[in-house]
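So the structure is just underneath, and the comments pick up after that.
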Amino acid sequence: MSIRRFARRVATGRIASYVHGTRIGVIVDYTGGNDVLGKDLAMHIAASKPMAVSKEGVPADVVAKERGIAAARAAESGKPANIVEKMVEGGVAKFLAEVTLLAQAFVKGDGKQTVGELVKQQKATVNGFTLYVVGEGIEKKVDNFADEVAAQVAAARGQ
Numbered sequence: 323m324s325i326r327r328f329a330r331r332v333a334t335g336r337i338a339s340y341v342h343g344t345r346i347g348v349i350v351d352y353t354g355g356n357d358v359l360g361k362d363l364a365m366h367i368a369a370s371k372p373m374a375v376s377k378e379g380v381p382a383d384v385v386a387k388e389r390g391i392a393a394a395r396a397a398e399s400g401k402p403a404n405i406v407e408k409m410v411e412g413g414v415a416k417f418l419a420e421v422t423l424l425a426q427a428f429v430k431g432d433g434k435q436t437v438g439e440l441v442k443q444q445k446a447t448v449n450g451f452t453l454y455v456v457g458e459g460i461e462k463k464v465d466n467f468a469d470e471v472a473a474q475v476a477a478a479r480g481q
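Just so we're on the same page, my numbering is the position in the sequence shown counted from 1, plus 322.
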């Protein structure tokens, strides 16, 4: 058995887990609420695959990349600079709402309630989560056959 990755989570509150089939597993650390909330949060994470709990948890380089994409999109519109600025900020805000757990619409709800509102309603907080998807992060090594042959020939000649 080869273990490629693992996460160690020291619980601040309670731990809930959820396994969806054989491909997706979630562990969520939350404080307050009940067992049903923990299971619902874990199921939501498995379904929506958020990047972080809140916008503060999204890596700065990811936000910068998304800001660049939004800026390029807004620049093509031909609108004045002040409008372009607002379009960029709106695009980044929309992106953060899609990739952060607390800003996402709760999947078991009516689509109007966010996960953050659900958690607040139950006087709970989400301290963190870990999401695993089978095969995620496996990059195939790309070899250039011609370079490989040239290296073997050079090794055989003693160079």
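Using N, Cα and C, we set each Cβ at its ideal position, and we do this for glycine too.
Checking 7 angstroms against the spacing of the C-beta atoms, do Ile346 and Ala329 come in under that value? When the beta-carbon positions are compared, Ile346 and Ala329 stay at least 7 angstroms from each other.
Which of the three DSSP states is assigned to Val348 in this structure? Val348 falls in the strand class under three-state DSSP.
Considering only the alpha carbon of each residue, which of Ala478, Val380, Lys371 and Ile337 lies closest to Tyr454? Ranking the options by Cα distance to Tyr454, first place goes to Lys371.
Just verifying my parser: in three-state terms, what is the DSSP assignment at Ala374? In the structure shown, the three-state DSSP call for Ala374 is strand.
What residue does the beta strand (DSSP E) around Val448 start on, and which one ends it? Taken as a continuous stretch (DSSP letters only), the beta strand (DSSP E) holding Val448 covers Thr447 to Val455.
What first and last residue would you give for the alpha helix (DSSP H) that runs through Ala473? Membership of Ala473 in the alpha helix (DSSP H) is indicated by the continuous run Phe467 to Arg479.
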